[in-house]
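Below: the structure, in structure tokens.
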DNA sequence: TAAAATCTGTTGCATTTGCAACAAAACTAA
DNA sequence: TTAGTTTTGTTGCAAATGCAACAGATTTTA
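Chains as they are written, first to last, in our numbering: chain A, 167 to 375; chain B, 167 to 375.
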């Protein structure tokens, strides 16, 4: 929605400003951050991709969010009191910019031009996040695995043009993202294929409806 | 998290400012807004309660959000392109303040003190919304009805002190909120009771674990 | 206050989903 | 290149969930 907002530029300004924003690199499979303390931390993924993951008491893994270039994440988006172990894992080499909201927001001397537009920029960032979350919520409220898959496919097929696409997750991860059993999901994929709704070749899917 | 932020005061300022924010009242069961156009509308519930509801093609009802006093909602939080019929229904007499984000944000003459802090206030509002959504997402990723119920109960029992509380929804609505079948949910409530995890008296629940 | 509408509680049965397990394929690291 | 690890694909079976239906309780409306 806020495509007019240039996040790359914003990130650049953030790094130049006050030295309060830091950049850090991570290797594949490294843990970027754990959500424990209440540090009001905000992070922006400059490049690469990552998963926000939760394990519950039974050892069930859930991929809470999939993060790609220019997505924001951080403790500030979560309630202070949480029972769960939440962390962000790099899926490839990534670079992130992170800062503490309060530091950037209040403690800076409001002299640079950047600070005047800071809140407005952050607002756009967070509004975009809200929209993503609502899409996620819509998927999760779907009652059956079939509907969840269809909902997921439709997000990959945003423009409605590319009826063939590659799933950017392993099927194991996809099940953890849809919050369903993997074998049941595979079964459903098979049914969708047999009933002619999709064609499937490895991680490549073609919609046929 | 941002308890320092006084939303009542903010709403007041909003109404005084530029005449661009409007107030409106609705009776119980009236539709407050439908999410169709992309008006970048933001609403604040001044008092009362409401549900953000979706019906899918099969007629399944989902309560996407439950809204109470001082909660924000509006089209701005949803993707432009949506397949679903989304609307907000008043559960009792309500009063809302609404405005179009772009109008407030850009078109005002930036002379009043209010406008200087507008973006920062909106940011806090939206950050709080993000947190609520993450709590909602956590609930929805729970794999079983039992876990969903427990997750829901724990949000009602935030302080951890009031182990007895009244469910602010009918059981019919609760099922639509958890996105599960009502009879299956009732069965699960019965099991929880029989196994001694809860006591139940109408809409009053006492946690026993 | 009576009638209508909605909600609660419950059940039997069908369907879906989860679990456990395993072999084959694909990928990764030494 | 090879051994180890992870992913994919599949199945049988158990458990959970959904569906349909209905009676009684409760609430709303006329």
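Backbone N, C-alpha and C define an ideal beta-carbon position, used for all residues, glycine too.
Nonlocal neighbours in the same chain, by C-beta distance under 8 Å from residue i, ignoring five residues either side
i	result
residue 323 of chain B	329, 331, 373
residue 188 of chain A	263, 264, 265
residue 161 of chain A	An answer regarding residue 161 of chain A cannot be provided, because it is not within the stretch 167 to 375 covered by chain A.
Distance between residue j and residue i (C-alpha atoms, nearest Å)
i	j	result
residue 377 of chain A	residue 340 of chain B	Nothing about residue 377 of chain A can be read from this structure; chain A reaches only from 167 to 375.
residue 293 of chain B	residue 362 of chain A	43 Å
residue 206 of chain B	residue 291 of chain B	15 Å
residue 304 of chain B	residue 284 of chain A	30 Å
residue 215 of chain A	residue 255 of chain A	9 Å
residue 223 of chain A	residue 229 of chain A	15 Å
residue 176 of chain A	residue 286 of chain A	11 Å
residue 358 of chain B	residue 248 of chain A	23 Å
residue 217 of chain B	residue 246 of chain A	25 Å
residue 212 of chain B	residue 371 of chain A	47 Å
residue 260 of chain B	residue 193 of chain B	7 Å
residue 317 of chain B	residue 302 of chain B	9 Å
residue 327 of chain A	residue 321 of chain A	12 Å
residue 240 of chain A	residue 226 of chain B	34 Å
residue 197 of chain A	residue 234 of chain A	15 Å
residue 171 of chain B	residue 282 of chain B	15 Å
residue 258 of chain A	residue 351 of chain A	26 Å
residue 300 of chain A	residue 232 of chain A	14 Å
residue 338 of chain B	residue 181 of chain A	51 Å
residue 310 of chain A	residue 310 of chain B	13 Å
residue 360 of chain B	residue 325 of chain B	26 Å
residue 202 of chain B	residue 202 of chain A	39 Å
Cβ neighbours of residue i in the same chain (closer than 6 Å, five flanking residues each side left out)
i	result
residue 200 of chain A	253
residue 289 of chain B	none
residue 268 of chain B	206
residue 270 of chain A	186
residue 312 of chain B	354
residue 381 of chain A	This structure leaves residue 381 of chain A out entirely; chain A is present only between 167 and 375.
Chain A contact residues for residue i, given Cβ-Cβ distances below 8 Å
i	result
residue 244 of chain B	297, 300
residue 292 of chain B	289, 292, 293, 296
Own chain, CB closer than 7 Å to residue i, minus 5 neighbours either side, in chain order
i	result
residue 280 of chain B	179, 183
residue 314 of chain B	305, 308, 344, 346
residue 364 of chain B	358, 371, 372, 373, 374
residue 238 of chain B	208, 209, 210, 291, 295
residue 342 of chain A	227, 228, 229
Assumed close pair residue i, residue j - CB separation to whole angstroms, cut-off 8 Å
i	j	result
residue 366 of chain A	residue 355 of chain A	6 Å
residue 296 of chain A	residue 319 of chain B	Wrong, their Cβ atoms sit about 26 Å apart, outside the cutoff.
residue 369 of chain B	residue 333 of chain B	5 Å
residue 220 of chain B	residue 195 of chain B	That pair is no contact at about 17 Å.
Chain-ordered neighbours of residue i on chain B, where CB pairs are closer than 9 Å
i	result
residue 173 of chain A	Ordered by position in chain B, no residue passes the 9 Å Cβ test against residue 173 of chain A, which lies about 16 Å from the chain.
Partner residues on chain A for residue i, Cβ-Cβ distance less than 7 Å
i	result
residue 303 of chain B	230, 299, 302, 303, 306
residue 345 of chain B	307, 309
residue 226 of chain B	309
Residue i Cβ short of 8 Å to the ligand GDP heavy atom set
i	result
residue 179 of chain B	For the structure depicted, the ligand GDP is absent and the ligand set is empty, with no information on it obtainable.
For this session: Enumerate, from N- to C-terminal direction, the unbroken alpha helix (DSSP H) stretches of 4 or more residues contained entirely within the region 276-327 of chain B.
Result: With a minimum length of 4 residues, the continuous alpha helix (DSSP H) runs that stay inside the region 276-327 of chain B are 279-307, 311-322.
For this session: List in chain order: all unbroken beta strand (DSSP E) runs of 3+ residues lying wholly within the region 210-281 of chain B.
Result: 216-221, 227-233, 251-256, 260-266
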